Every structure is written in structure tokens, then in C-alpha cells.
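*Asks:*
Residue numbers (this note's numbering): 249 to 456.
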């Protein structure tokens with residue numbers, strides 16, 4: 249996870265204010281359409297203050313995505329109880345995966361990356377590392393623990409984690425990317441997660 253501290257970005261009392269303003273502008277206007285003037289105006293700071301925190305726009309966008317993805321991943325970690333059943337843990341993880349996709353931030357960020365990733369490949373790669381890549385790594389860790397406790401039977405944990413993540417997106421991601429979101433509801437997300445857990449347990453659950 250690459251956050252401000254790791255990138256050498258200066259923090260200060262207006263740091264969060266700058267991030268909130270930039271977040272609103274990026275999601276409204278896209279990466280290329282977001283101007284420094286608009287970001288400074290939305291954040292209620294001067295351009296000099298903005299540049300003092302973030303010398304370039306890419307660094308600012310990366311920080312917004314990194315913080316949002318890390319926040320959501322940490323919230324899931326905080327909710328995981330070692331005494332949870334495997335199904336309950338998978339359901340919790342799946343609901344967060346689907347919930348991010350269905351959230352305003354998740355939808356707009358994914359569309360922005362898909363739309364502008366060809367011109368800004370480093371943005372796309374960084375978003376993957378801080379978002380889907382982080383989710384995958386956290387899930388791999390927990391699946392390893394479950395295998396060690398003989399709660400699951402998995403030979404390739406890396407592949408199993410990817411399979412579960414993709415199952416949680418079934419019928420959601422493509423419709424959102426291609427602006428078919430009028431067909432997506434909260435129940436669509438719950439349905440995808442229920443199916444993902446059932447299929448995952450049918451493949452990797454313990455057999456009598």
C-alpha cells in the first residue's frame with residue numbers, strides 16, 4: 249500500500265481538506281478533466297497550498313484511492329472474528345467486495361480508471377495494487393489460516409482467492425462499467441455474494 253507517508257507527501261492541517269475537495273472533483277470531472285483551479289476551489293485552499301501537499305495531480309489521485317481502499321480493507325479486518333464460521337467470514341468479505349463496487353466511489357473510480365488507464369497506465373497499476381491487489385492479498389492471508397486450521401481444503405490459495413473475488417462480482421462489474429447500473433440493486437449484490445459463498449464452499453469446503 250502506497251500512502252502519503254511512504255511517498256514523501258507532506259501532511260498538515262489542511263491535508264484532509266485537500267483530499268476531500270480533490271475527491272469530489274475527480275469523481276465529477278474525471279482525472280484528465282479535473283483542473284488544479286477546480287480542486288483548489290472545491291477544497292477551499294490556494295493553489296500554493298495544494299501544490300505544497302501534492303506537487304502533481306497523479307500523486308493526489310493515487311493518495312485518494314490508496315486511503316479509501318485501505319480504509320475499507322481495515323474495516324473488514326476489524327470485523328473478522330476468529331470464532332466466525334467459514335461461511336460467515338466469506339460472506340463478510342464478499343459483502344464488502346460487492347459493496348465497494350456498488351458504492352458511488354467504487355463505481356466512479358472504476359469507470360475513471362477503465363476510461364483513462366490507457367493514457368495513464370501508472371494510475372491504473374497503482375489503483376490495482378491499492379484496491380483489487382490489496383483485497384486479494386488480505387483474502388489469501390485468511391484463506392491460508394483457514395487451511396491451516398483444516399477448515400478448508402485448498403491446494404492453490406492464490407487462485408482460490410481470485411476465484412472468490414470474481415464470483416462476488418458476477419453480474420455486477422460489467423453492467424456498471426457499461427452503464428447498465430439501472431439493472432443493479434443492493435439485492436443484486438447480496439445475491440452475487442450468496443452464490444459466491446455457496447460455490448466456494450462446494451469446491452473447497454470439507455467433505456464428510
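Idealized CB from N, CA, C, for every residue including glycine.
Since the model is a prediction, treat every value here as computed from it, not as a measurement.
1) What is the rounded straight-line gap between the Cα of residue 337 and the Cα of residue 293?
2) Could you tell me which whole beta strand (DSSP E) segments of length 3 or greater appear in the region 273-356?
3) What is the DSSP secondary structure of residue 267, counted as helix, strand or coil?
4) Where do the ends of the alpha helix (DSSP H) carrying residue 428 lie?
5) Let me know if residue 415 comes out buried or exposed under the rule of 16 or more other beta-carbons within 10 Å of its beta-carbon.
6) Between residue 313 and residue 375, how many whole angstroms is the CB-CB distance? I'm expecting something under 8 Å.
7) Please determine if the region 314-322 and the region 278-285 are in contact, where contact requires at least 3 C-beta pairs separated by less than 8 Å.
8) Which term fits residue 452, buried or exposed, when burial requires 16 or more other beta carbons within 10 angstroms of its beta carbon?
9) Do you know how far the Cα of residue 348 is from the Cα of residue 439?
10) If you draw a straight line from the C-alpha of residue 454 to the C-alpha of residue 386, how long is it?
11) Look up residue 400 in the DSSP assignment and give the residues it is bridged to.
12) Under 7 Å Cβ to Cβ from residue 436, same chain only, skipping five residues before and after it: list those, please.
13) I need the straight-line Cα distance from residue 344 to residue 403, nearest angstrom please.
14) Note down, in chain order, each residue of its chain lying with its Cβ closer than 8 Å to the Cβ of residue 390, except the 5 sequence neighbours on either side.
15) Using only CA atoms, which one of 273, 412, 426 lies nearest to residue 383?
16) If residue 266 and residue 286 are in contact, beta carbons under 8 Å, what's the gap, nearest whole angstrom?
17) Starting from residue 412 and walking both ways along the alpha helix (DSSP H), at which residues does that stretch end?
*Replies:* Reading off the structure:
1) 43 Å
2) none
3) Assignment of residue 267 by DSSP, reduced to helix, strand and coil, places it in the helix class.
4) Per DSSP, residue 428 belongs to no alpha helix (DSSP H) and is neither H nor E.
5) Around the C-beta of residue 415, 16 or more other C-beta atoms lie within 10 Å, and the residue is accordingly described as buried.
6) 5 Å between Cβ atoms; contact.
7) no
8) buried
9) 15 Å
10) Residue 454 and residue 386 have their C-alpha atoms roughly 22 Å apart.
11) 453
12) 419, 420
13) 25 Å
14) 328, 337, 341
15) 412
16) No, residue 266 and residue 286 are not in contact; Cβ-Cβ is about 13 Å, not under 8 Å.
17) Taken as a continuous stretch (DSSP letters only), the alpha helix (DSSP H) holding residue 412 covers 405-416.
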